[in-house]
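So the number in this note's numbering is just where the residue sits in the sequence shown, counting from 1, plus 32.
Idealized CB from N, CA, C, for every residue including glycine.
These numbers were taken from a predicted model, which means no experiment stands behind them.
For reference, the structure discussed in these notes is given below.
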Amino acid sequence: MEQEFPSPTVPRASRGEVFVGYLDYFRSRVVARVEELPESELRQSRLTSGWTPLELVKHLTFVEMRWLEWGFEGLSVANPWGDRREDRWFVEESETREELLAALIDQGARTRRIIENNDLDALGMPGPRWDGASSPSLERVLFHLVQEYARHLGHLDVVVELAGGSIGE
Numbered sequence: 033m034e035q036e037f038p039s040p041t042v043p044r045a046s047r048g049e050v051f052v053g054y055l056d057y058f059r060s061r062v063v064a065r066v067e068e069l070p071e072s073e074l075r076q077s078r079l080t081s082g083w084t085p086l087e088l089v090k091h092l093t094f095v096e097m098r099w100l101e102w103g104f105e106g107l108s109v110a111n112p113w114g115d116r117r118e119d120r121w122f123v124e125e126s127e128t129r130e131e132l133l134a135a136l137i138d139q140g141a142r143t144r145r146i147i148e149n150n151d152l153d154a155l156g157m158p159g160p161r162w163d164g165a166s167s168p169s170l171e172r173v174l175f176h177l178v179q180e181y182a183r184h185l186g187h188l189d190v191v192v193e194l195a196g197g198s199i200g201e
């Protein structure tokens, strides 16, 4: 599943393809980094902030869903904050690495569909995601998701290195 870095020198047919390329790349790197960790590192934190690698995976899955399905598309979502408990990221003991990574990959496919089926200038549907603010364009939402992934992948690179894994970017 690991993707090649979407170099700015490689032409893309549209701005949407640029966003798809970056999101697919970052998502694939998150998957690869989490797969690199031994089971003993998945549910513990090496950082004072306290999050675990599995919590990060679940968070990223919900972030994409919140911004694109619940927000941009205005779909009804049963539990848009299902990655949180008591104001922190949370993973059930019964949730496995395989299940959480599969959910992230599945969410990525839904994200791709949304990007491919909409104009980047299209505004999101009004709804509770925006908390009373004006709906942003799809392009603004995607910029937010790219920065979210880039930031969290950097965090995960540090965690994997501290756990004795390979050195990230």
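query = Taking the C-alpha atoms as reference points, what is the distance between residue 112 and residue 35?
reply = 28 Å
query = CA-CA distance, residue 92 and residue 157?
reply = 21 Å
query = Can you name, in chain order, every residue of its own chain whose Cβ lies under 7 Å from the Cβ of residue 31, other than the five neighbours on each side?
reply = Examination of residue 31 is not possible in this model, given that the chain is present from 33 through 201 alone.
inquiry  = Less than 8 Å between the beta carbons of residue 178 and residue 69, yes or no?
reply    = no
key: For residue 160, the nearest candidate out of 150, 105, 139 (CA to CA)   = 105
ask   = Ends of the alpha helix (DSSP H) at residue 71?
value = Run containing residue 71: none; DSSP gives neither H nor E here.
request  = Pick helix, strand or coil for residue 102, following the three-state DSSP scheme.
outcome  = helix
inquiry  = Below 8 Å on the Cβ atoms is my contact criterion, and I expect residue 169 with residue 189 to pass it. Report the Cβ-Cβ distance as a whole number of Å.
reply    = Not confirmed; about 30 Å, so no contact.
query = Between the C-alpha atoms of residue 74 and residue 131, what's the straight-line distance to the nearest angstrom?
reply = 13 Å
query = Should residue 194 go down as buried or exposed, given a rule of 16 or more other Cβ atoms within 10 Å for buried?
reply = exposed
request  = Assess, as a yes-or-no matter, whether the stretch 118–125 is touched by the stretch 85–101 under the definition of 3 or more beta carbon pairs within less than 8 Å.
outcome  = yes
Contacting residues, own chain, Cβ-Cβ under 8 Å from residue 127 (five flanking each side not counted) = 86, 90
query = residue 84: which of 198, 196, 187 sits nearest, CA to CA?
reply = 187
key: Spatially closest choice to residue 144 from 39, 48, 38, by CA coordinates   = 48
key: Distance between residue 116 and residue 42 (C-alpha atoms, nearest Å)   = 38 Å
key: Inter-residue spacing [alpha-carbon to alpha-carbon] between residue 129 and residue 165   = 36 Å
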